[in-house]
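Numbering (this note's numbering), first residue to last: 20 to 256.
Structure first, commentary second.
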């Protein structure tokens, strides 16, 4: 399996809209395709000041980027909801054999307004199809890194559990959404033990390398498509 990191312009989403208005923490727990072409149904958890949570929920429901919203309060200051929204990026992923390793909705924008999106894929054709679809959606994409991912079956059950929770809680995000001490407390182990388990797991999981040939070929393909677009525009003029 291979992993690729793409750079693209940060999309405007309901999550970025809400977090820009309110001091709140929003986690996307799961997502599934809906009936529409780019529709995606998301299971989300929103945590905020209990006195402000109702206003946040109202703003989520009122957002033009949210088509449907079913929300229930699970405890004071926290709610769980099923939202229907639309995303060309999510729709593209769900129509190919690629998988999200990071969520665009959670990605922190760089100073230049771009975000990084990490994806995994088994076959070369899946990546080519993905880039073709994004090209058709007029999305400007830059390939930052391409690497090989080792077989996660080599992980012990303890390592797998810790890595999965670390990913879910944002330990590998930049900036981190959870510290090593907080993560270890959540797992009921010491910080030093958590650090050692993660280091051993990382050595088993990632065997990074620079795949220059593949990146070059994909960039050449993108350049060919760009040239083709220019020719078509001239012919239509």
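Ideal Cβ placement from N, Cα and C applies to all residues, glycine included.
- The alpha helix (DSSP H) runs lying completely inside the segment 86–159 and spanning 4 residues or more are 107–113, 143–155, given in chain order.
- Secondary-structure assignment with DSSP links residue 162 through a beta bridge to 25.
- By the criterion of at least three beta-carbon pairs nearer than 8 Å, the segment 157–164 is not in contact with the segment 35–46.
- Residue 183: member of the alpha helix (DSSP H) spanning 176–188, first to last residue.
- Assigned with DSSP and collapsed to three states, residue 56 falls in coil, not helix or strand.
- A direct Cα-Cα distance of roughly 11 Å separates residue 191 from residue 221.
- In this structure, the alpha-carbon of residue 84 lies about 34 Å from that of residue 166.
- In the structure shown, residue 37 falls within a helical segment according to DSSP collapsed to helix, strand and coil.
- The alpha-carbon of residue 148 is positioned some 21 Å away from that of residue 54.
- Three or more Cβ pairs closer than 8 Å define a contact, and the segment 114–126 meets that threshold against the segment 137–153.
- Segment contact: the segment 175–184 against the segment 43–53, fewer than three CB-CB distances shorter than 8 Å; contact not assigned.
- It is roughly 13 Å from the alpha-carbon of residue 132 to the alpha-carbon of residue 123.
- Per DSSP, residue 208 lies in no alpha helix (DSSP H) and is assigned neither H nor E.
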